[in-house]
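Everything in the sequence shown is counted per the numbering used here, starting at 64 for the first residue and increasing by one. For each residue, glycine too, the CB sits at the ideal point set by N, CA and C. Here the structure is a predicted model, which means the values were calculated and not measured. To start, the structure under review is shown below, and the notes come after it.
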Amino acid sequence: MQESDVKILVYDVMGRKVKDLLDKRQDSGKRSIKWNAMDNNGQNVSAGLYFYTIEAGNNIKTGKMLLLK
64 MQESDVKILV
74 YDVMGRKVKD
84 LLDKRQDSGK
94 RSIKWNAMDN
104 NGQNVSAGLY
114 FYTIEAGNNI
124 KTGKMLLLK
């Protein structure tokens, strides 16, 4: 198994970072993570469109998600 530093960050539609979901070294493999719809200050975020980035080693994946309440 290969280890790498993994970061998962959530941004709002204005490009502001809302949440650091993960920032740690992990073994390779499939994982899942849940977001409790709170920002880095512990405040609930609004329903709407959010973007995420997953950084693992030299790889970066970006996507979008819709938060419904």
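Look at Ile-96 here: in three-state DSSP terms it is coil, with no helix or strand label.
Ranked by how close their Cα comes to the Cα of Met-77, the residues Leu-130, Ala-119, Leu-129 and Phe-114 have Phe-114 in first place. Fully contained in the segment 64 to 128 is no alpha helix (DSSP H) run of length 4 or more.
Taking Asn-122 as the centre and dropping the five residues before and after it, the same chain places no C-beta closer than 7 Å to its C-beta.
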